[in-house]
Amino acid sequence: MDIFIITLKLALGFIIILLIMRLLGKRNLAQLNAGDVIYLLVFGGILEESIYDISEIKNMYVESDGGFSIEKYNTAYPLKEYDYQIYELIKNNEINTDTLKHINHDEHWLFKQLEKRQITTINDVFYADWSFDRGIHIIKYK
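FYI, full-length UniProt numbering numbers position 14 of the sequence shown as 14, with every residue one higher than the one before it.
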């Protein structure tokens, strides 16, 4: 990669961090846990690769320079963000009840979906989303 591009990304990242610190304040940033930081880094890298559905990812590797290499499943056509809506149901052991209401389901339905996949507690789920096209997609803690 060209040194100019690397320098530009570093400078922009630093400026964005300063702006976030000014807007949120140090106290709010201190409340972020490691899971939130990893979530932001990973999903930022995924969106940079123009992947809008996590179920498209076959393997993901962290490179020595801090970047990500993503191996996708072969699909017949490239999917775009507006092709279908994805609803985040669970993130870091927290259920998004507003999303469940939006898709006309409740927590009872969600727990039944988890039981079908031999998941007994919400603490085993790192992330889960739902789409009208493919249904529920769950990522468990390893």
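All C-beta atoms in this analysis are idealised placements derived from N, C-alpha and C, irrespective of residue type, glycine included.
Where DSSP assigns a beta bridge to residue 130, which residues make up the other side?
87, 136
Alpha helix (DSSP H) containing residue 99: first to last residue?
97-102
Simplified DSSP assignment, three categories, for residue 92
coil
Taking the alpha carbon of residue 129 as the reference point, which residue from 87, 18, 97, 114 has its own alpha carbon closest?
87
Rank 89, 7, 124 by C-alpha distance to the C-alpha of residue 142 and give the top, closest one.
124
Just checking my contact of residue 69 with residue 63 at CB under 8 Å: how many whole Å lie between their CB atoms?
6 Å
According to the neighbour-count rule (16 or more other Cβ atoms, all chains shown, within 10 Å of its Cβ), is residue 5 buried or exposed?
exposed
DSSP three-state label for residue 71, please.
strand
Beta-carbon proximity of residue 100 to residue 106, cut-off 7 Å
yes
Own chain partners of residue 122 with C-beta closer than 6 Å, once the 5 adjacent residues on each side are dropped:
93
Could you say which of 7, 109, 118, 11 lies nearest to residue 135 if we only look at CA atoms?
109
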